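Chains as they are written, first to last, in the working numbering: chain A, 1484 to 1705; chain B, 3 to 251.
Cβ coordinates follow ideal geometry from the N, Cα and C atoms, glycine included.
Quick caveat: nothing in here was measured; it's all calculated off a predicted structure.
Everything on this sheet refers to the single structure shown next.
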Amino acid sequence: MVRTIWGSTVGKKTVMAVSGLIMLLYLVVHMLGNLKIFFGAGEFNHYAHWLRTIGEPFMHYEWTLWLVRVVLVLAVVAHAVSAYQLSRRDIKARPQKYVHSKPRASYATRTMRWGGVILGLFILWHLLDLTTGTVHTDFQPGRPYQNVVATFSTWYGNVIYIVAMLALGLHIRHGLWSAAQTLGVGSRARDRALKAAANVLALLLTAGFIAVPVGVMTGVVS
Amino acid sequence: MKLTLRVWRQKNADAEGAMATYEVDGISPDMSFLEMLDVLNEQLILSGEDPVAFDHDCREGICGACSLVINGEAHGPERTTTCQLHMRSFKDGDTIDIEPWRAAAFPVVKDLVVDRSAFDRIIQAGGYITAPTGSAPEAHATPVPKADADYAFEHAECIGCGACVAACPNGAAMLFTSAKINHLNVLPQGAPERETRVLNMVAQMDEEGFGGCTLTGECATACPKGIPLTSITNMNKEWLRATRKAAKR
Ligand code: SF4
Ligand code: FES
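The following block contains the structure:
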């Protein structure tokens, strides 16, 4: 069964859909957690610490967190590898362009590809900035509130983050609806509802994530 | 009407092709697009040149032989086949670009003619029902609910023209393949081969080198028979169902 799925274009899209949905679920939780920053350093830092203690005493300190990280890494890798392989195949299947071309035709496809690359690079920067602190100018372990405020006090921190979140919104807009089609849950009757759901979720996530840098910029969070 | 045509000319499968420019005059708005090309070809023959090769057969929009990407759109600006497209859709003095279907799985044979036998092999992989033929069976022997009959018919309308592949930025054959799978899988006659049909046809589609689906929807927009994009959704569903079932055996 694994071979049938991985060896087929339809199957590989299923891998993309499922891994995408896992990441999407994580993002919803992540975004909601981020909003705690509006309730002060104490609450935010306490929440961040709690993330490491989920499941105790059954789970050891940070076990749950690492479990989530492993699942996410697997999802990202599966999503990216299938996207890369499918894109290579798609480009090969259409080697010659039309002389009279219509740009509209590949708009969604191109936004997904470039958006995906942008998001991949963003995740890397985001981890080095706020998880490991490697590229952070003033990283203080265990004090995420102060770290977030410092990042969004730089112009490039804001630019990188906001551009990436806009790319995320566009990616989810087409991706969530596409996942529904790939998994076979779309239908003519449900199509408008699905499109609306994808748009609303994309908008809420983008707005929720961007609220944090905007909060820092406007001084609501400091 | 007087028109400037820019047509893809290519001697054979291995030759390099290029766009060539021709002028045609005295075109009536009531002519079909293919009749306009007939005028061009008569002109070319009279001047001792090689006529433009293009596919056509029924010229009534039912066989799927005609093709042509006209001004970047498969079957041109109207939602119909090229043979049913009329010159009244264009204006006097227009320049019209005419190209063949472009896809790795549809190699150019000559000029505007491409080899679409990849579609035949997809059909051979499962686009049929296995039944003894002979005299027609009694029509009421196998009851089919009206809704299913309508659904099957809607998908049976696919004429295998390949406009969906030509319009797809990935050269994917998902819409064509899904049309046949939806047509047969919903009917009682198609039920015995429901799983093998979808698995084998999708496998053959991949084997032929068609691209994958990114759900841009260009195929459904280009399809002269109005095969809907949700046809692909349902094929995915059938494929997942068949894969799960095969794993259980
Ligand atoms: S699905 Fe539509 S565009 Fe594709 S081959 Fe059938 S009739 Fe032609
Ligand atoms: S020639 Fe038969 S469909 Fe156009």
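Self-check item: Chain-ordered chain A contacts of residue 173 of chain B [CB-CB under 8 Å]
Solution: 1573, 1576, 1577
Practice problem: Tell me where the beta strand (DSSP E) around residue 97 of chain B begins and ends. | Solution: 97-101
Quiz prompt | Spatial distance of residue 238 of chain B from residue 37 of chain B (CA atoms) | solution = 40 Å
Quiz prompt | Ranges of the alpha helix (DSSP H) found wholly within the stretch 1567-1632 of chain A, counting only runs of at least 4 | solution = 1590-1609
Exercise. Starting from residue 234 of chain B, find everything on chain A with Cβ-Cβ shorter than 8 Å and list it in chain order.
Key: 1664
Exercise. List the DSSP bridge partners of residue 115 of chain B.
Key: B:112
Quiz item: Residues of chain B with a CB under 8 Å from the CB of residue 1585 of chain A: which are they?
Solution: 74, 75
Quiz item: So, is the C-beta of residue 1487 of chain A closer than 7 Å to a C-beta in chain B?
Solution: yes
Practice problem: Measure the C-alpha to C-alpha separation of residue 1656 of chain A and residue 1689 of chain A and round it to an integer number of angstroms. | Solution: 11 Å
Quiz item: Taking the runs of the beta strand (DSSP E) that are 3 residues or longer, which of them lie wholly in the stretch 9-61 of chain B?
Solution: 20-26
Quiz item: Looking at the unbroken alpha helix (DSSP H) that takes in residue 160 of chain B, where does it start and where does it end?
Solution: Where residue 160 of chain B is concerned, there is no enclosing alpha helix (DSSP H), given that its DSSP letter is neither H nor E.
Exercise. Return helix, strand or coil for residue 185 of chain B, following the three-state DSSP convention.
Key: helix
Quiz prompt | Touching by the beta-carbon criterion (3+ pairs, under 8 Å), the stretch 1494-1510 of chain A and the stretch 1657-1670 of chain A | solution = yes
Practice problem: Note down, in chain order, all residues in the stretch 1496-1511 of chain A with a beta-carbon under 8 Å from any beta-carbon belonging to chain B. | Solution: 1496, 1497
Quiz item: When the Cα atoms are used, what is the spatial distance from residue 213 of chain B to residue 170 of chain B?
Solution: 9 Å
Quiz item: Under a Cβ-count criterion, where at least 16 other Cβ atoms within 10 Å of its own Cβ denotes burial, should residue 193 of chain B be classed as buried or exposed?
Solution: exposed
Practice problem: Give the single residue among B:70, B:176, B:131, B:223 whose Cα lies nearest to the Cα of residue 110 of chain B. | Solution: B:70
Quiz item: Taking Cβ-Cβ distances below 8 Å as the criterion, which residues of the stretch 97-108 of chain B are in contact with chain A?
Solution: 99, 101, 104, 105, 106, 107
Quiz item: Tell me the DSSP bridge mates of residue 105 of chain B?
Solution: Looking at the DSSP assignment, residue 105 of chain B forms no beta bridge with any residue, so it has no partner.
Quiz prompt | Continuous alpha helix (DSSP H) assignments of at least 4 residues falling wholly in the stretch 1518-1565 of chain A | solution = 1524-1536
Practice problem: Specify the secondary structure class of residue 71 of chain B as computed by DSSP and reduced to three states. | Solution: strand
Quiz item: Apart from the five residues just before and just after residue 217 of chain B, which ones in its own chain have a Cβ nearer than 8 Å to its Cβ?
Solution: 231, 234
Quiz item: When you compare each of B:148, B:151, B:168, B:196 to residue 127 of chain B by their alpha carbons, which one comes out closest?
Solution: B:196
Quiz item: Taking just the CA atoms, how far does residue 1641 of chain A sit from residue 1605 of chain A?
Solution: 12 Å
Exercise. Decide if residue 102 of chain B is buried, meaning its Cβ has at least 16 other Cβ atoms within 10 Å, or exposed.
Key: buried
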